[in-house]
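Only one structure is covered here, and it is reproduced in the block below.
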Amino acid sequence: MSTTVSPPSPSHGTEVPVRGLAISRMWGRSQSVIPTLAAVLLLVAMLVYAELAYGRVFHAGTISSLLVSFAPTIILAVGMTIVILSGGIDLSVGAVVAFTSVSGVMLMNNGVNGWVAVILMIGFGALFGLVSGVLIQYFNVQPFIATLAMMFLARGLASILSTVPVQAPEGAPILALATDWKIVDGPKVNDFVLTPGFFVAVLVVVGAFVLLHRTRTGRTVYGIGGAENSAQLMGLPVARTRVLIYILSGALAGLAAVVYTAEVGGKAQNVTGIGWELDAIAAVVIGGTLLTGGAGYVLGSVVGSLVLAALAMIITKDGGIRPEYLTIITGGILLAFVLLQRVLTARRRK
Amino acid sequence: MTESLPIVEVRGASITFPGVKALDEVNFRLLPGEVHTLMGENGAGKSTLIKALTGVYQIDSGSILIFGEEKRLTGTASAQAAGISTVYQEVNLCTNLTIGENVMLGHEVRGPLGINWRATHARAQEALTRMGLGHLDTRAPLSSISIALQQLVAISRAMVTDSKVLILDEPTSSLDAAEVETLFSVMRRLRDQGVAILFVSHFLDQVYAISDRITVLRNGGFVGEYLTRDLDRTQLISKMIGKDIEALRALGSNRQVDARDRSATPVYAAEGLGRAGALAPTDIEIHKGEVVGFAGLLGSGRTELARLIAGADRADSGTVRLKGKKVNVTSPVSGLGNHIAYSTENRRDDGIIGDLSIRENIMLALQAKRGWLRRIPAREVDQLVSTYMERFSVRPNDPDRPIRLLSGGNQQKVLLGRWLATDPELLLLDEPTRGIDVGAKADIQETVAELAEAGMSVVFISSELEEVVRLSERIVIMKDHEKVGEVVNGPDVTAERVVSIIAAESEEEAEAQAEALAEGETR
Amino acid sequence: AGGSGAGGEGGGDGDLTTVGFVAVGPEGGWRNANEQAIKDAFTQDAGFDLKYAPAASPSDQKSQLDAFATFVNDEVDVILLTATEASGWEDSLELAKEAEIPVVLLDRGVDAPEDLYVTRIAPDNKQVAASVGSWAVDTFPSGAKYFVLEGVPGLSVVNERNEGFDSEVDGATGFTKVGAQTANWKTDEGKSVIETVLKANNNDIQFIFAQNDEMGIGAAQAVSAAGLTPGTDVKIATIDGTKGALEALSEGQLSFVAQYNPFFGDVAVDAVQKAIAGESVESTIIVDSATFDSPEAADTALSEGLGF
Amino acid sequence: MPALKSLLRTPWFWGIIGIVLLLSLNVVKDPTYLAVGINPATGQLAGNLLDILRVSAPIIMIALGMTFVIATKGIDLSVGSIMAVGGAAAMELLRALNAPSSFGAMFTAIGLALLLGAVLGLVNGLLVSIVGLQPFISTLVMMLAARGIARVITGGQNTNSQNQPFQQISNGQVLGLPISFVIAIAIVVVVTVIMRRTALGLMIESIGVNPDASRLAGIRPRPILITVYVLSGVLAAGGGLFTVSEVMTVDVSGTGYQMELDAILAVVIGGTSLAGGKFSILGSTVGALLIATLNKTVLFLGVSAAATPAFKAIVIVLLVLLQSERVRTFVLQAGRRRTRKEVVA
Ligand SMILES: Nc1ncnc2c1ncn2[C@@H]1O[C@H](COP(=O)(O)OP(=O)(O)OP(=O)(O)O)[C@@H](O)[C@H]1O
Ligand SMILES: Nc1ncnc2c1ncn2[C@@H]1O[C@H](COP(=O)(O)OP(=O)(O)OP(=O)(O)O)[C@@H](O)[C@H]1O
Ligand SMILES: [Mg+2]
Ligand SMILES: [Mg+2]
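Chains as they are written, first to last, in the numbering used here: chain Y, 1 to 350; chain R, 351 to 873; chain X, 874 to 1181; chain G, 1182 to 1526.
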């Protein structure tokens, strides 16, 4: 055989990860967590700043409002995380929230059992996801375009159903999701109050975490996002998984609609959710997930949602903002955020 | 070996891509307990046949039988379900995941709480250990290891499942001898357990070392199936290329007796060239018309040195003189501007621009060098393109075909054309012969010799040491990201001696050996 | 707990009354004028510390709900609310009630029991739109073919303005609705819509009701471009009363402008002071709005600085 | 036959089919839809087709810029907001100059708007190429910021102004065609010539396909990325000028709102992949015309406001389906069914 160099020892250069070097091993492994950690750090910094500057941040009422009112955003961000991890994007979620909530409430008003209606809401969301997924997987439509079309479709169908707000009937079971559970009863509104809707969001987060990190389907999501061709050649069920991802995202949008509709007292409207997809995407990005797919964590997106919540809260608490500057400031802070994150993670690359 | 029922049989399979008949009525049989090699030139259709067998492509006509039963493979998953594991030609893993996850992806060990990561990594570790990779940390990201190691990881992955058929498409092209040996011993063990192995390689030695049977393809067509012991190398090569190989044999390499005057100002001279974490400061000189080989183990820093010379990476120390004049080569642009061209070892990620045509790929670097404003006139482009496509007989001969549709070897040839088109004075070729068939390999070696003859300086990096020794006038020996010695080629210099320098226990010893060799040369 | 910072029980900044203003933000000329009027009224000199919280976008109720909750948690002294949407506020208002924070609604109303807020101060959308309707009925005694340019479909303003207008026009003799389209409150879309609608109907349209000034001005340009004369061939009525609309009315481009009076900052201050003092306040305070139906009326209004 | 086949494979071919189908729908509703006549009042040619051309001008501009951004594997979500900035600057300046018939004022306004567009595009380009942020995020930030900048320029007002020459840009005609459309097509031609006669187009594609390999081949990615985003910014500001010239009013919240989506759709319908690489300027132009036709068709047919988005969605889905390999294969060779996904191994 041809003489190629034969190594005297299994030394493959110094950068090869070798078992046993605990520190370098930890470093190597922790790399993909760093952007998410950075987000956590920045969130804490924001909250501390707000507490010092305006007060009443670490306040039972404030914290519970934050958690409860951002439950739908968190649910959407979770779905978006899964989609983005696979290298895709779902622009339709905001519009799907509008359609599912309007259709669900109308069903309730037309005598459909309240719980069945709730299930149908989630089902309708999943249906939009299914269409997106099939377009993307089987007809090679780019995710941006397929989900944009679904955004138009869902928004349009919602408007066709009704352009006036519809109200769920008194005592509809969906309203139970917004029941206040007082966990700590403080003076006046300084109570720690949570709603079932919040716990739904928690369950979704836990479920997504388990799905992504404890199931083969979840690993396939990461595989598709990292290198679709490789995933395909490795024999992973790419087609099935991808369709599932979009179904999941749609279903979660339906679930977010359920939680949000409950939150606003059973009212649904065709203009709900305009721009929520961008919030969800921003939350995912702030949470450290790469838009190119393959790297990121669902917990990061939760942190990202909370960052957005904290940002809105600071703007409100400050109260001195000129309306013209609102989007400039939001954009500027978003930018500062990704820049800081970049600085904090810069050492990842040599 | 007794002729048992083939596990896999292909009968009269054809596949046509727009403009190319990639497979034309090919027959193939894979028996249990054999290592069966698929041979053929670049673009002969080997990878395509493999992809047909694994469900990536569907055949237009013909049939595929698995265990004697006709099967329609609709995707890689269905092939895997049928017991076929595959390692494709280009590494196909997910660099965003850890080593262990890559090994186990789709086969993770599951417990009541979903995937049991501890057990999964343990099984990955087992699989890696079998491939002699026990030292790898399964929880480290795949991107942290070299392409060669990734290739081994890919092979480990294929062995995780109890497959009855194992397909390896050029698994050895980036491996060193020891790794090849480990791989072969694993392959032999599997073969003895009755696994049928389909193997592709351009290294004749390896083919003869491991395989029981050979199927030869030529231009998408089926040439024949032979027992390895019945077919000697000359016959094999002439079957592959369809003509006599005497021409190939007369490979112009008498470089070993070349005595060059090295007193003139070198074309390229670097002092203390280095980069933290990648390469210790290195001195190197390259003279006009000289072929300098870089020898070393995988990951020894050959690529890093070449990249620093070319400006692909930015050096953080050292001074560089070109023909005596001090210059800064800090980017590929300044490298090309100073007539230094670098052909990368990682063809797919750093070399080809997949969606662009062959024509555009060839002209790209020259165009970049001239600037975006002055587009190269169509006539000049046509001329360049036909020159290089003919010179390396790129197939298919259609300059408007996107380069990603070419076979691996042909892509390499196009890239070589790209660099030559920039008219370099110093050409750095990093593994230019990897994955290239014998004929083309000879062409490239011959080209290198010609170029040097015509006054170009060439740096030649190859894991195939014999090639380096045959082609180079001077050999720079690298180890652990450091240059450990330099040998002027001569009759005494053999691959074995270079290996022993590399294998020396200490740096001093290596230097002493190199010196001894050098003195032997002067005597 | 609490107490630190501006939010604390109104005592943070001397004796200033902390007012949280849950606003809509940049939406158009009318909204700018209205929110500016509020800001101009609730000054520090007048004894207020106004905290202004615009919505993320003019139709984003969620961000308003969040801002409202923040104000409640900060226990500001009073909350001013311009709801993007009428429905969905009950829980929030109950929370404010629990925190003993009076809420004053500005402009838009909410669907909630009246005991949950102090008062609603606003011009009446239905009434203003009805004034357009009755003008149209008067102007076209034998009826007309008309087209409606709507705002963003689904907003309660749009629904109310439709309702008010229809209450007068439905059943009036000879009125035929050729159609309605959204132009998203925008001038250029208003032009584009009317341009095509005219072609689709062979210019056979006598009256256009634009739900805001911007769309109406665009419609006027489309009418001119089609070779028709606004005011003669096609009459256009709009709602809001921005300076641009009054100018257009003065030039004869528009035929009728119903003001939707944004200047009720003083009324709001008055209501807030009463509420804090525990005095009773009427549950609805309707802000009077003028209508302008001729170039002369427009000129007078302009010279009086009624445009905004 | 092969010519037909390759035509069927050309994505913009389906765009044209789409336009034809939409126009036919209109003709079915009103047989005189396509008629072009002289408007006696204005002396100009008038007709639905001319309206379509006119409203397509801004979309053509932003789609053109978007084409190159997308070819580099990027995306520019800020074009809609930059339109508003350009329009706001022009309106505010013209109002300040108060010169209703001055060409000088017009050119100053145009220059200022384009300059602002270039500056905002430059910021995008720097964020993407030097700082290394993902284009989606960089331009999302710019989308928010530029909208605010437009509001700051006019102080939140929807400023209107008067300038006859400026108004003529969108309302005048030359050779019977809307001036804005003629300008847009002229710009398309100039840009095409620049891209194809120099190697800029090739380099943009090369970077879009494989940035690492392109760098090694001696292409400097940064200046090219910056150029692409600046171009997109300038063209967006130009699109904003066309829009405000229509009605001589800028709507700081509405001008260009969500137009980035139209631009992206136009580019994709025209056959440029969001994954970067090969671009088709002709395709994007056809795509822009299709979007304009679609918008106008909705109005002409009197589709209700509520149903409009759904109608658009259905047209988009049908188009992308027609463009997909699977459907095409199915249609072309219903007998010899076979699909082969290219897997680059
Ligand atoms: N997806 C594709 N589309 C079009 N042509 C293709 C495609 N894949 C391969 N080809 C063509 O088919 C022929 C056979 O290629 P293949 O990759 O099978 O060669 P190979 O024998 O593996 O060569 P090498 O030794 O260089 O890897 C080549 O001419 C190649 O250009
Ligand atoms: N483009 C690159 N970017 C980052 N790291 C690199 C790159 N190329 C090589 N390395 C790292 O530098 C180290 C030196 O490897 P290098 O490729 O220079 O060795 P080599 O002798 O050329 O071996 P090989 O035959 O594997 O190419 C390796 O550990 C590798 O991981
Ligand atoms: Mg091959
Ligand atoms: Mg190397």
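For each residue, glycine too, the CB sits at the ideal point set by N, CA and C.
Which residues, taken in chain order from the stretch 1314-1344 of chain G, show a beta carbon closer than 7 Å to some beta carbon of chain X? Arg-1332, Gly-1337, Gln-1338, Asn-1339, Asn-1341
Contacts of G:Gly-1146 in chain R (Cβ-Cβ under 7 Å): No answer is possible for residue 1146 of chain G: it lies beyond the span of chain G, which begins at 1182 and ends at 1526.
Give, in chain order, every unbroken run of the alpha helix (DSSP H) that is at least 4 residues long and sits entirely within the stretch 637-704 of chain R. 652-660, 682-687
I'd like the span of the alpha helix (DSSP H) that includes R:Glu-800, first residue to last. 788-803
Following a CB-centred definition, is Y:Phe-209 positioned closer than 7 Å to any heavy atom of ligand 1? no
Shorter than 7 Å, the distance from the beta carbon of R:Thr-398 to the closest heavy atom of ligand 6, or not? Although ligand 6 was asked about, the structure shown includes only ligand 1, ligand 2, ligand 3 and ligand 4 as ligands.
Could you tell me whether any non-hydrogen atom of ligand 1 is closer than 7 Å to the CB of R:Gly-785? yes
Compute every distance between the C-beta of R:Phe-367 and the non-hydrogen atoms of ligand 1, then say whether any falls below 7 Å. yes
Does any residue of chain Y bring its CB to less than 8 Å from the CB of X:Pro-1014? no
Is R:Arg-745 near ligand 1, in the sense that its beta carbon is under 7 Å from a heavy atom of that ligand? yes
Proximity test, R:Ser-493 beta-carbon vs ligand 1 heavy atom, cut-off 7 Å: No; taking the cut-off as 7 Å, the Cβ of R:Ser-493 has no heavy atom of ligand 1 nearer than that.
Tell me the start and end of each unbroken alpha helix (DSSP H) in the stretch 1395-1429 of chain G that is at least 4 residues and wholly inside, in chain order. Complete alpha helix (DSSP H) runs here, min 4: 1402-1428.
Beta-ladder partner(s) of R:Glu-635, from DSSP: R:Ala-619
In chain order, what residues of the same chain lie with their CB nearer than 7 Å to the CB of G:Gln-1349, ignoring the 5 residues before and after it? Ile-1360
Secondary structure of Y:Ile-315, DSSP reduced to three states: helix
So, is Y:Tyr-49 buried or exposed, given that buried needs 16 or more other C-beta atoms within 10 angstroms? exposed
Members of the stretch 1064-1076 of chain X near chain G, C-beta cut-off 7 Å: Residues of the stretch 1064-1076 of chain X with a C-beta atom less than 7 Å from some C-beta of chain G are Lys-1064, Ser-1065, Val-1066, Glu-1068, Thr-1069, Val-1070, Lys-1072, Ala-1073, listed in chain order.
Distance CB(X:Val-1192)-CB(X:Thr-957) smaller than 8 Å: There is no way to answer for residue 1192 of chain X, as the model of chain X reaches only from 874 to 1181.
For R:Leu-756, verify whether its CB is less than 7 Å away from any heavy atom of ligand 1. Yes; taking the cut-off as 7 Å, the Cβ of R:Leu-756 has a heavy atom of ligand 1 nearer than that.
Tell me whether R:Gly-395, by its Cβ, gets closer than 7 Å to a heavy atom of ligand 1. Result yes, Cβ under 7 Å from ligand 1.
Neighbourhood of X:Asp-1113 by C-beta distance below 6 Å, restricted to the same chain and skipping five residues each side: Trp-903, Asn-1085, Asp-1086, Tyr-1133
Please confirm whether any heavy atom of ligand 1 lies closer than 7 Å to the CB of R:Asn-392. yes
Can you name the residues of chain G whose CB is closer than 8 Å to the CB of R:Gln-717? Ala-1380, Leu-1383, Met-1384
Straight-line gap, R:Val-617 to R:Arg-824 (C-alpha atoms, nearest Å): 15 Å
Reference R:Thr-627; option with closest CA among R:Gly-405, R:Arg-768, R:Glu-832: Position check: residue 627 of chain R holds Gly in this sequence, whereas Thr was assumed. R:Gly-627 has its Cα closest to that of R:Glu-832, out of R:Gly-405, R:Arg-768, R:Glu-832.
Sheet register partners of R:Tyr-576 (DSSP bridge): R:Ile-564
Is Y:Met-150 close to chain X? Criterion is C-beta to C-beta, closer than 8 Å. It does not: the Cβ of Y:Met-150 has no partner Cβ on chain X nearer than 8 Å.
Go ahead and pull the three-state DSSP assignment for Y:Trp-351. This structure gives no information on residue 351 of chain Y, because the portion of chain Y shown stretches from 1 to 350.
Segments of 4+ residues assigned as alpha helix (DSSP H) that fall wholly inside the stretch 192-231 of chain Y: 196-214, 216-226
Which two residues bound the contiguous alpha helix (DSSP H) that contains G:Met-1287? 1284-1307
Using a Cβ-Cβ cut-off of 8 Å, state whether G:Ile-1243 counts as contacting chain Y. False, the Cβ-Cβ gap to chain Y never drops below 8 Å.
Does any C-beta atom of chain G lie closer than 8 Å to the C-beta of X:Gly-1089? no
CB of G:Thr-1466 within 8 Å of CB of G:Ile-1251, strictly: For G:Thr-1466 and G:Ile-1251, no; Cβs fall outside 8 Å.
On the three-state DSSP scale, how would you describe Y:Arg-155? helix
Buried versus exposed, by CB contacts within 10 Å (16 or more), R:Trp-467: By the beta-carbon neighbour count (other beta carbons within 10 angstroms, threshold 16), R:Trp-467 is buried.
When R:Thr-653, R:Val-641, R:Ser-551, R:Thr-488 are compared against R:Val-788, the one with the closest alpha-carbon: The option with the nearest alpha carbon to R:Val-788 is R:Ser-551.
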